[in-house]
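Below is one structure, written out as structure tokens; the observations come after it.
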Amino acid sequence: MMDVKRIVSRIEKNYIKSNLRKEERIDGRGLWDYREFEIKSDIIASAEGSADVFLGDTRIMTGLKYDVGTPFPDLPNEGVCTVMAELLPLASPLFERGPPGEQSIELARVVDRGIRHADCIQTKKLCIKEKEAVYILFVDMYVVNHDGNLIDTGAISALATLLSAHIPEGIIGDNGLEWTGKYLTGKDLVNELPIALTYGKIDDIIFLDPKLPEELVCEGRISISVTENKICSIQKSGAATFSIDEIKMLGKKSIEIGQKLRKQLNLTQHLSKVK
Amino acid sequence: MPLIIKDEYPDKLFRKDGKRLDGRDVDELRPIKMEVGVIKNADGSAYLEWGNNKIFAAVYGPREVHPHHLAKPDRGILRVFYRMATYSVFDRKRPAPGRREKEISMVVGDCLEPILFLELYPGTSFEIYIEVMDADGGTRCASTTVAALALADAGIPMKSLVTAIAVGKIDGKKVVDLSGIEDKAGEADLPIAITWYNEEISLLQFDGDMDLDDMNHFLDKAKEALSKVHQIQLETLKSKYIPLQGEITNEKKGEK
Amino acid sequence: MENETDEEFIEKDKNEEDIEEFEDDEASREVVLPGEVLTEDTKNFLPGRGTIYNSERSKITSLNIGLKQISKNYINVIPLRGFYTPRPGDKIIAMVVDKNPVKYKCDINAKDFGTLKPKNTIKKDRNRSFRGSSGGGRGGGRGRGNGFSREDMNTNKFNIGDILIVKILSADRINKPELTTVGKYLGIRNNGIVISIDPPKIPRVIGRSGSMIKMLKNLTKCNIFVTQNGRIWLKGEDLAHERLLIESIRKIENEAHKVGLTDRMQEYIMNEIKLRGLE
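In the order they appear, the protein sequences are chains A, B and C. FYI, the numbering for the first sequence is 7 to 281, going by this note's numbering. FYI, the numbering for the second sequence is 41 to 296, going by this note's numbering. FYI, the numbering for the third sequence is 452 to 730, going by this note's numbering.
Structure below.
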């Protein structure tokens, strides 16, 4: 709560901990409650898909661009989707200028793995001509305001961006690469709706969606990406340890909360209407 | 490999009815929307939509200078960091800052410095971060305009605001407020900014060809247009505090 | 060691002016902006706080976003946004961010960090005499007549992350602000929570003659310290009361420019107490 720099004051740490022991959070939430999500899609005119997502005050603006390139030799009829993240220095006094650091690389990779292992994108649909031309999709996430839990916010923003996609459809014709006049949309490309759920651990108490002061005090964190019925990716970070029972409990909780959240957010409303 | 849809410029920049491609008259501005206080972690912040431009500006300062050797003992320093998102342009831009971004950072910084009192804050630094999320012509001008708002939002004493706009020539005609296509396909492009405390020019660049009559026309028209944009800046700052006194406001949802 | 009972901060010095300006019903509620011309009548008016002459001295303009206010023949602008500038005598909330054996480095929400030296953390004890001839207490002073023993001149008292209420001893352009924890109400806080608001809004949270802060305390049943660098320490009987107080302070921060705020805040809080079942 105090202007957050790198150090959290002792009394704030105690405040967060003593309230967690009563199963209360500093902003009135329960241990397993999300802050409010707000999603606006297709807001960037220059991009082929985009989303502006708030989770509480944390804000990430993501955009999709494409390129056409040659496929990997071992996957001759599949395109590629890569995820990048930048923690903009304007988003927080905690972020410094310069090339992506550990935190932005972790954010990009965790979101990427959640999408990849959920088979979220039908990469075969990203093929224009086998062995010759495939789409390369760039999903670039920019953190605009940091108030904790970049991963869950990023995952939703990447997903909404892909759903809102309207990529020009290409074929290899007589004159090389040509436009069919139509677009590949989220409906064509998106198969699954993976959601990431991040939990913090302080003093043996585990809770969902850490706000920034909680995140800075956390001893450990774990992010679990889920589809409707399966777990597709897990990332544990921080020095604290989790018991086997805790992980089992979190796996179950993640699927349940994921199902509820998916219903609540109604993500398919962000599918592009262009055709 | 080339992209599927090419970034081609249209032959004509005026329609049959005499209007510009987006329906504007020669002296008409694009729709402009501004907001302050959008980034809670910053000392001051603002957001602007100008045509399809979408730009954030955030101010951090006064604060310690990093790296320390850049600090000046007799005054504060102003540093502007202008960056564009990869997806803000038609052809995806590489994430790392390029030369154009560095040049614009410098030009915007020179344009903002006259309105500040840097000598009052020796040994400190003011950092302005500008992030273009969507670009549509005149980004350095829009960036200057939104940065001035962010400085005011941070409560930093200023002589006045500064406002910027790009004027130019397209298809032989002189116009105000170049859009992205007009900027790329036109014959002349003149970004200009005015600081209002002395009504003088603090940013001026030019590319293309013009004669002296052209230049005089550009400068006069620019000033007119800049006044209009300045009004929008002022109304944006004031609107945070209006409706006026006495109104009992019910519990509002937190501002974003 | 700290007296944890109800206290509030009412600065009985220059800040009284700030409070008067905000609460004065006759004051203009006109919001002015940087560069806005406040008057061209430079014969009858002088530039006061937050204002400046133009280069020809024919106009007085505002330097900030703020409220225009005229006092005698001075035109002032009370800023609605701004950052904190340390002044000697200010009582503020600091956080220890670093220390070495000879001093503490403290975050004071200003462009510079503040320095706290060990000698300014110990109350000078007049009874402690030269060469430790007094009985009891610490005795054993080491050859200095200033009442400090060697044991005192270290930085073991406070740790990184500690919240301290301090007073600014000195602050100027060259030296970093020097702080002290010696004095009434000063020292470490071991419980409660600290929040930050925009420093120019602090007088509004205090109110004329402390009217706002007294009302907040009584209704939310919390202890509150309001300090000049925009930081407010508070402690209530439970999280729900504290949260109500924090939200109320944020509301005051957002509506600082409006008249009749104290009454409206009172109504708001009493209403919320009912709604949230906090009686």
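Just so it is clear, CB atoms sit at the ideal spot from N, CA and C, and this is done for glycine as well.
Distance from the Cα of N605 of chain C is smallest, within the candidate group C:G499, C:T713, C:K570, for C:K570. For G533 of chain C, the nearest beta carbon of chain A is not closer than 9 Å to its own beta carbon. For the pair V202 of chain B and F258 of chain B, the CB atoms are not nearer than the 9 Å cut-off. Per DSSP, the continuous alpha helix (DSSP H) segment holding D714 of chain C begins and ends at 712-726.
Among the residues of the segment 638-661 of chain C, those with a Cβ less than 9 Å away from any Cβ of chain A are R640, N641, N642, G643, I644, V645, I646, S647, in the order of the chain. In the three-state reduction of the DSSP assignment, Q241 of chain A falls in the strand class. Boundaries for L190 of chain A: no alpha helix (DSSP H) harbours it, while the beta strand (DSSP E) harbouring it runs 182-191, taken from the DSSP string. Inter-segment contact for the segment 513-520 of chain C and the segment 192-201 of chain B is present: three or more beta-carbon pairs are separated by less than 8 Å. Residue state for Y21 of chain A is assigned as helix, using DSSP reduced to three classes.
Between E262 of chain A and H270 of chain B, the alpha-carbon positions lie close to 52 Å from each other. Inclusion of K135 of chain A and I178 of chain A in the CB contact set at 9 Å is warranted, their separation being smaller than that value. When DSSP assignments are scanned along the segment 180-244 of chain B, the uninterrupted stretches of beta strand (DSSP E) that are 3 or more residues long and fall wholly within it turn out to be 202-210, 213-216, 228-235, 240-244. Taking a Cβ-Cβ cut-off of 8 Å, the neighbours of N25 of chain A in chain C comprise L690, given in sequence order.
Following the DSSP letters along the chain, one finds H172 of chain A inside the beta strand (DSSP E) bounded by residues 172-179. Distances from the alpha-carbon of G540 of chain C to those of C:I521, C:P552, C:I616, C:N495 put C:I616 closest. Taking C-beta atoms as the reference points, K627 of chain C and I543 of chain C fail to come closer than 9 Å. For F144 of chain A, the chain B residues whose C-beta falls within less than 9 Å of its own C-beta are T126, Y127, R132, listed in chain order.
According to the DSSP assignment, T502 of chain C belongs to no alpha helix (DSSP H) but to the beta strand (DSSP E) extending over 502-504. The Cβ of V548 of chain C sits closer than 9 Å to at least one Cβ of chain A. In the three-state reduction of the DSSP assignment, N642 of chain C falls in the coil class, being assigned neither a helical nor a strand state. When the alpha-carbon of P485 of chain C is set against those of C:R508, C:E491, C:V528, the nearest one is in C:V528. With a threshold of 9 Å between beta carbons, W185 of chain A makes contact with chain B. In chain order, Y72, D73, V74, P174 make up the part of chain A whose C-beta sits under 8 Å from the C-beta of L43 of chain B.
The way I'd put it, the segment 233-251 of chain B doesn't touch the segment 71-83 of chain B; fewer than three beta-carbon pairs between them come closer than 8 Å.
At a cut-off of 4 residues, the continuous stretches assigned as alpha helix (DSSP H) that sit fully inside the segment 110-157 of chain B are 139-152.
DSSP places D549 of chain C in the strand class (E or B) of the three-state scheme. Of the residues assessed, K519 of chain C falls on the buried side of the cut-off, its CB having 16 or more other CB atoms within 10 angstroms. For a Cβ distance threshold of 9 Å, residue set N505, S506 of chain C lies close to N238 of chain B, ordered along the chain. Relative to the Cα of L191 of chain B, the nearest Cα in the group B:L156, B:V172, B:D223 belongs to B:L156. Residues of chain A whose Cβ lies closer than 7 Å to the Cβ of D563 of chain C do not exist; the shortest such Cβ separation is about 14 Å.
In this structure, the straight-line span from the alpha carbon of N81 of chain B to that of K59 of chain B is close to 43 Å. Distance from V232 of chain A to G264 of chain A at the Cβ level is roughly 4 Å; contact confirmed, criterion being Cβ atoms closer than 8 Å.
C:A707 is the residue among C:V656, C:L696, C:A707 whose C-alpha sits nearest the C-alpha of I282 of chain B. Residue-level contact by beta carbon holds for M173 of chain B and chain A, with a gap shorter than 9 Å.
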